[in-house]
Structures are given as structure tokens and as C-alpha cells.
Amino acid sequence: MDRRAFLAAGSVTAAAPLLGWPGLSAAAAEPTDGLASQLPVNFWSDGLGLGPAQYARQLQAAVDAGGWSPDNYSNGGLVADIERAFAQRLGKPAAVYLPSGTLANHLAVRTLARGDRRVLVQADSHLYNDSGDGAATLSGLNLVPLAEGRATLTVEDVAPWIERAARGRVPNPVGVISVESPVRRLDHAMADLAQTERLSTFARDRGIRLHLDGARLFNLPLHTGRSVADIAALFDTVYVSLWKHFNGTAGAVLAGDEATIAGLSHMRRMFGASLPQAWPTLALVPTHLARYEDDYAKSWAAADSVIARLEASGRFHARKLENGTSRFFLSAPGADLDALSGRAAQRGVLLPGGPPEGTELAMQVNPSLLRWSPDRVADVLLASLSA
Ligand SMILES: Cc1ncc(COP(=O)(O)O)c(C=O)c1O
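Numbering (our numbering), first residue to last: 10 to 396.
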């Protein structure tokens with residue numbers, strides 16, 4: 010499905026009434042009184058990139074709207090509402106809130122592995138690179154990194170390792186295959202869905218469990234034409250971040266069947282991760298869950314309009330990845346990108362920080378683009394080419 014068809018289908022708004030927060034459907038979204046157009050547009054965050062003042066204002070709006078109650082040690086109240094809502098959207102019977110995605114991935118593979126301690130992962134995954142070998146140190150799991158440099162883990166990648174584990178001198182079967190999609194370290198490229206379906210069938214035929222690091226899963230429907238539940242169905246457990254797309258300040262949900270999720274709230278506490286009050290970190294999540302997929306689709310439509318204006322000027326060039334999701338690359342031949350970024354920031358357009366990768370800026374598409382018209386964003390970028 011292309012983006013226009015997706016927008017026309019009004020995919021997500023239809024699901025909003027199911028979520029059960031009567032007061033929150035409009036509350037705590039972006040300001041509607043013209044103030045949003047005074048906030049910056051940024052090309053670096055996954056969500057709105059709210060600063061303290063904006064977050065505090067939206068938190069107050071969520072409190073004023075009511076319709077929810079605080080949690081107690083991460084149990085009940087808003088936390089339980091969010092667990093139910095994500096389980097429903099992901100088509101899974103149960104979900105548990107965890108205060109970080111790092112812990113969600115770890116507890117997922119720990120629980121799914123049972124006694125089968127070999128876990129196959131993408132070499133470029135967060136689980137393999139950014140968790141300090143936590144699954145090995147804390148849960149005795151042996152992570153085997155595969156498919157380096159590629160977003161898609163294929164049957165051909167895993168089959169020899171499953172075979173090798175079965176043929177070892179000491180039997181040590183593969184218990185879990187973990188897939189991250191989109192892959193943050195590969196510029197948010199997504200795993201090929203047909204290959205992932207093959208992988209899922211192959212694993213299930215052999216009794217191997219499957220976990221999805223879907224921190225940014227809610228970007229995939231726009232690029233695949235498939236719902237988050239369709240994609241989640243290929244896996245036994247699915248983690249989704251609450252602070253990337255849904256503007257929490259932290260947090261994750263892990264969804265799966267009842268037997269897998271049962272008991273994880275106790276394991277959460279065992280890992281010292283049951284926040285006494287999680288609600289201040291989560292109060293914006295319901296509103297943004299209800300609207301995110303539509304907002305993301307509109308954000309890409311806006312980004313495409315900006316790109317068209319910039320390319321028509323002959324001063325900028327944009328590049329997209331073939332299996333890309335939320336990122337495109339922007340170059341401005343002959344321009345000093347640091348100076349361009351500085352001037353654009355003064356005018357309210359925040360470009361990705363840090364040293365640009367070569368001669369390109371790694372631009373992130375997010376709903377902050379909806380604060381301004383595409384023409385206004387393009388005007389600022391064009392004006393920022395010169396002092
Ligand atoms: C793909 C992916 N998985 C997991 C995580 C970990 O999430 P958290 O920072 O909530 O621990 C991140 C965070 O950046 C991520 O990008």
C-alpha cells in the first residue's frame with residue numbers, strides 16, 4: 010500500500026475508540042491554539058522530541074482530561090490500561106510494562122529460551138550491541154550474531170547454526186531467534202517481510218521461539234501495507250518502545266501469550282525495575298498511540314513535499330534506502346553542513362546533531378513535521394544555505 014492509499018484508509022483512527030480512554034482522545038496532543046507552529050520542527054527524534062516545558066504542559070493536559078488513575082509500583086491504573094491497549098493492537102493475549110526496551114528484550118529471550126540457551130540474533134541488533142552482554146551475564150544465554158550489515162535475517166542465515174547446535178558434542182539447541190525491525194544501527198532499514206515469514210515458519214516447524222524487537226514497529230505498516238498485528242503474529246513475543254513514537258519519557262511493553270507474560274511483573278521487580286510510580290512517564294502514551302500511525306503517514310507526506318521543494322531548487326539532493334523506513338539522507342553539494350545546521354536551528358528547524366555522515370545529513374521523519382507547512386520548512390532550509 011502506498012502512503013496516499015494508507016492515509017485514505019484512515020487506518021488507525023478507526024482503532025482509537027477501542028482503547029478505552031474516553032477523555033484522552035484529543036487531550037495531551039500537540040497544542041491546538043496555534044502554539045504548535047511556534048515549536049521547532051526537528052529531524053532527529055522518533056517522536057515529537059518534547060523538551061521539559063512542552064512535556065510538562067502535555068502532562069498537565071493529560072491530568073486535566075482524566076479518565077485514568079495512577080499505577081502502584083507499575084501495577085494497575087494507567088499501566089494496566091496501556092498493557093491492555095498494546096496487547097489489543099498487537100493481537101496478543103497479554104502484555105507487560107517494563108521501564109526500558111533493554112530489559113524487555115532481555116526478559117523476552119530469557120523467558121522464551123527456557124533451557125535452550127543459544128539465541129540467534131542480527132549482528133547489528135540492539136540486543137547484541139547495546140545491552141552490555143546482559144543476556145549472557147545475567148541470564149546465561151549465548152547470543153550468536155548473524156547477517157552482519159543486513160537488516161533481514163533469513164532461513165539461510167539461521168539454518169547452519171541450528172544444525173551446528175544440534176550436532177555439537179554437547180547438545181545445546183537454539184531456543185530463540187530474535188529479530189529487530191526496523192534496525193536502528195542500519196539507518197532504520199526494515200527486515201524483508203516475505204523472508205521474515207519464511208523464517209517464522211521455519212523456526213516454528215522446529216519448535217524454536219521467536220522474539221521481535223519492534224521498538225519502532227508502528228512505522229512498519231506505512232512501508233509494508235501490513236498491520237502491526239499481522240507482523241506481530243510472526244513472533245511469540247513483541248517489544249514496542251513507549252518513548253520513541255508515543256512520547257513517554259521512558260518505557261516499553263512486551264506482548265505475548267498469557268503463559269509467557271504471566272510472572273514477568275515479578276521478574277521485573279526481581280531486576281529492580283518496578284518503578285513506584287510509572288504514570289508520569291506514560292501519561293502521554295494513550296493519546297499518541299491512538300494517532301501515531303496516521304501522524305507518521307502524514308509526516309512522510311510532508312517530508313516528501315519538503316524534499317520535492319528542495320530538489321527543485323537544485324541546491325539539495327535527497328537519498329532514500331530501498332528498504333528504509335523513517336530516515337532519508339540529505340546533501341547540499343558545496344554547502345557547509347555544520348553552518349547550515351546552525352542557521353536552520355536559529356530559525357526553528359533542528360537538523361540531526363553530531364558530525365554528518367560524510368556529506369549527508371541522516372534526516373529522521375517524525376510528527377514534529379506536522380507543526381509547520383512543508384513550504385515553511387523548505388523555505389528555512391533554503392534560506393539557511395547562506396549567512
Ligand atoms: C531497536 C532498539 N531496541 C531496544 C532499545 C532499547 O530501548 P531503551 O532505551 O528503552 O532501553 C532501543 C533504544 O534505543 C532501540 O533502538
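Ideal Cβ placement from N, Cα and C applies to all residues, glycine included.
Given the structure is predicted, the values throughout are model-derived calculations rather than measurements.
- By the C-beta criterion, the stretch 117-126 is judged to be in contact with the stretch 185-201, since at least 3 inter-stretch pairs fall below 8 angstroms.
- The beta carbons of E369 and S340 sit about 5 angstroms from each other, so the pair counts as a contact at 8 angstroms.
- The beta carbon of T290 is closer than 7 angstroms to those of G257, T258, A259, G260 in its chain, skipping five residues each way along the sequence.
- Counted as a single uninterrupted DSSP element, the stretch harbouring Y248 is not any alpha helix (DSSP H) but the beta strand (DSSP E) occupying residues 246-250.
- In the three-state scheme derived from DSSP, where H, G and I count as helix and E and B as strand, Y82 is classed as coil.
- Taking every protein chain shown into account, the CB of T146 has fewer than 16 other CB atoms within 10 angstroms, so this residue is exposed.
- If you check the CB distance, G333 and H135 do not come in under 8 angstroms.
- When secondary structure is reduced to three states using DSSP, E189 falls in the strand class.
- Contact between D222 and N138 is absent: CB atoms are separated by about 12 angstroms, not below the 8 angstroms threshold.
- Around the beta-carbon of M279, fewer than 16 other beta-carbon atoms lie within 10 Å, marking it exposed.
- Contact annotation, A327 with P383: C-beta distance approximately 13 angstroms; criterion of less than 8 angstroms not satisfied.
- DSSP places S340 in the strand class (E or B) of the three-state scheme.
- A Cβ-Cβ contact shorter than 8 angstroms links L231 with A306.
- Excluding five sequence positions before and after V167, the CB atoms of its chain that fall closer than 8 angstroms to its own CB belong to L129, L155, V183, I186, L208, F211, A212, given in chain order.
- Per DSSP, reduced to three states, the secondary structure at A387 is helical.
- Between L152 and A122, the gap from beta carbon to beta carbon reaches 8 angstroms or more.
- The residues A264, G265, in chain order, have a CB closer than 6 angstroms to that of K101 in the same chain once the five nearest residues on each side in sequence are set aside.
- According to the DSSP secondary-structure assignment, H220 is paired through a beta bridge with S187, T246.
- Between E267 and A94, the C-beta gap is not smaller than 8 angstroms, which leaves the two residues out of contact.
- Residue nearest to G124 within the set T233, P180, N375, P361 is P180 (criterion: CA-CA distance).
- The beta-carbon distance between L298 and F255, rounded to whole angstroms, is 5 angstroms. This is short enough to meet the 8 angstroms contact definition.
- Just so you know, the alpha carbons of L346 and I91 end up roughly 41 angstroms apart.
- Annotation: the stretch 123-199 contains the following complete segments of the beta strand (DSSP E) (minimum length 3 residues), in chain order: 127-131, 151-155, 183-189.
- By the neighbour-count definition (other C-beta atoms within 10 Å, threshold 16), H220 is a buried residue.
- Judged by DSSP secondary structure, A62 falls within the alpha helix (DSSP H) whose first and last residues are 61-74.
- Judged by DSSP secondary structure, Q355 falls within the alpha helix (DSSP H) whose first and last residues are 346-355.
- Using a 10 angstroms sphere on the CB of S78, the tally of other CB atoms stays under 16, which defines it as exposed.
- Collapsing the DSSP output to three states places Q286 in coil.
- The beta carbon of R98 sits no closer than 7 angstroms to any heavy atom of ligand 1.
- Closest in C-alpha terms to V105, from the list V247, A45, R176, comes V247.
- Cβ-Cβ distances below 6 angstroms link S190 to M199, A200 in the same chain, with the five nearest sequence neighbours on each side left out; the list follows chain order.
- Straight-line measurement puts the Cα of G323 at about 46 angstroms from the Cα of L112.
- With a contact defined as Cβ atoms closer than 8 angstroms, L48 and R380 qualify at about 5 angstroms.
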